[in-house]
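Read through the structure below, which is laid out as structure tokens, and then see the notes.
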Amino acid sequence: MKLGFIGAGNMAGAILTGVIGKGFLQPEEIAVYDVNPMQSDQLAARYPIHVARSQDELIDRCERVVLAVKPVYLQAVLEKARPLARGKDFISIAAGWTFRMLTAILDDASGARVLRTMPNTPAMVGAGFTALCEQTTLSDESFAWAQELFRTLGETAVLPETLFDAVIALTGSSPAYVFLFIEAMADGAVKLGMPRALAYKAAAQAVMGSARMVLETGEHPAVLKDMVCSPAGTTIEAVASLERDGFRSAVIDAMAVCAEKSRAMSDKTQPKG
């Protein structure tokens with residue numbers, strides 16, 4: 021089989037939706053294994069993929085393996101995988117696990133090849149952003165294949181690992197910031213009398229439309245903001261209020277503490293052995 025997943029959670033499901041929905045792979049080319057059989061079976065109920073009954077079976081069957089488990093479980097998964105890893109490509113989507121940490125276990129002696137990536141949850145609707153680490157032991161062909169795989173989920177970028185803490189703060193965690201902003205705008209609309217369901221829909225549409233304007237016009241966000249702010253108008257009053265309350269600095273500070281937490285997680289997650 022061409023692709024296997026160790027872990028059958030939300031991100032595994034998102035990747036499956038992309039690769040199958042875009043025709044990148046056929047379901048019969050994919051296998052999944054999870055320590056919780058119900059998780060694997062739920063994915064198999066959505067797509068006619070193969071459900072492996074052990075991690076060893078999955079690695080033995082698959083050319084490439086996506087490591088889609090929570091970071092706290094990854095060391096045990098890698099150590100168990102090592103004896104069967106020769107000639108296999110392993111693609112990690114785990115936060116906090118650096119390339120050096122991955123290759124400390126799946127080293128040259130194991131015969132495995134490793135790639136670190138960082139997708140985000142909008143991949144679930146085909147609008148994700150995935151960073152691929154330029155430091156890798158994958159062959160050029162396999163790396164290009166991985167890029168095509170993640171392009172089924174949205175946009176991709178190849179970045180040095182030194183930027184991965186920033187990537188986590190900007191794209192990995194930012195959906196939560198945006199959801200919080202949408203919720204706050206909706207609450208404001210409800211306070212002004214709008215029905216809640218409509219408030220959520222209108223706020224989300226405003227965010228989506230504004231993001232598309234940035235991406236499709238190529239204009240600086242400040243230029244687009246100025247287009248909305250008429251002199252002595254309602255929007256500039258709202259913008260002035262946000263500035264007084266430190267809106268920009270709050271976002272910048274949040275990203276800084278997020279990146280610092282990512283660095284701390286990497287230090288804490290160092291393989292034990």
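Residue numbers (the numbering used here): 21 to 293.
For each residue, glycine too, the CB sits at the ideal point set by N, CA and C.
It should be emphasised that the depicted structure is a prediction, and the values quoted were computed from it without experimental measurement.
Relative to the C-alpha of residue i, which residue among the options is closest?
i       : options                               : result
Ala-217 : Ala-206, Lys-211 and Val-227          : Ala-206
Phe-184 : Ser-74, Glu-280 and Arg-73            : Glu-280
Arg-73  : Val-86, Gln-59, Arg-66 and Tyr-67     : Gln-59
Ala-222 : Val-234, Phe-201 and Cys-249          : Phe-201
Gln-225 : Val-243, Lys-245, Phe-199 and Cys-249 : Phe-199
Met-228 : Cys-153, Ala-34, Ile-256 and Pro-142  : Pro-142
Pro-68  : Glu-83, Val-86, Val-55 and Pro-47     : Pro-47
Met-31  : Glu-83, Ala-88 and Lys-108            : Ala-88
Asp-160 : Leu-244, Leu-98, Met-121 and Arg-133  : Arg-133
Val-145 : Gly-33, Gly-253 and Ala-186           : Gly-33
Thr-182 : Pro-195, Thr-123 and Phe-119          : Phe-119
Looking at the unbroken alpha helix (DSSP H) that takes in residue i, where does it start and where does it end?
i       : result
Ile-35  : 30 to 41
Tyr-220 : 216 to 237
Met-138 : Looking at the DSSP string, Met-138 is not in any alpha helix (DSSP H); the run it does join, the beta strand (DSSP E), is 133 to 138.
Thr-118 : Neither: Thr-118 is in no alpha helix (DSSP H) and is coded neither H nor E.
Ser-112 : Segment 109 to 112 is the beta strand (DSSP E) holding Ser-112; no alpha helix (DSSP H) there.
Grab me the residues of residue i's own chain with a C-beta within less than 8 Å of its C-beta, minus the 5 sequence neighbours each way, in chain order.
i       : result
Glu-49  : Met-21, Lys-22 and Leu-23
Val-210 : Arg-216 and Ala-219
Cys-39  : Cys is not the amino acid found at residue 39; the sequence shown has Val there. Within the same chain, Val-39 has close Cβ partners Leu-23, Leu-45, Ile-50, Leu-169 and Thr-172.
Thr-137 : Ile-111, Ser-112, Ile-113, Thr-150, Ala-151, Leu-152, Cys-153, Ala-166 and Phe-170
Ala-28  : Val-52, Tyr-53, Asp-54, Asn-56, Gln-59, Ser-60, Gln-62, Leu-63 and Ala-88
Ser-250 : Ile-256
Asp-190 : It should be noted that the sequence gives Leu, not Asp, for residue 190. So the qualifying residues of the chain are Met-275.
Cys-82  : Met-21, Lys-22, Leu-23, Gly-24, Ala-51 and Lys-108
Take residue i and list the residues in its own chain whose beta-carbon comes closer than 7 Å to its own, dropping the five residues that flank it on each side.
i       : result
Ser-193 : Cys-278
Arg-11  : This structure leaves residue 11 out entirely; the chain is present only between 21 and 293.
Leu-104 : Asp-76, Ile-79 and Asp-80
Gly-116 : Pro-91, Ser-282, Met-285, Ser-286 and Thr-289
Gly-107 : Gly-131
Would you say residue i lies against chain D (beta-carbon separation less than 8 Å)?
i      : result
Gly-29 : In the displayed structure, chain D is absent; only one protein chain is listed.
Tell me the residue span of the beta strand (DSSP E) that contains residue i.
i       : result
Ser-250 : No beta strand (DSSP E) contains Ser-250, which DSSP labels as neither H nor E.
Val-85  : 84 to 87
**Request:** Inspect the CB distances between the segment 131 to 149 and the segment 169 to 187 and report whether three or more fall short of 8 Å.
**Result:** yes
**Prompt:** Which ranges does the alpha helix (DSSP H) cover as unbroken runs of at least 4 residues, wholly within the segment 42 to 74, from first to last along the chain?
**Reply:** 57 to 66
**Uninterrupted alpha helix (DSSP H) stretches inside the segment 143 to 209 (no shorter than 4 residues)** = 160 to 171 and 184 to 187
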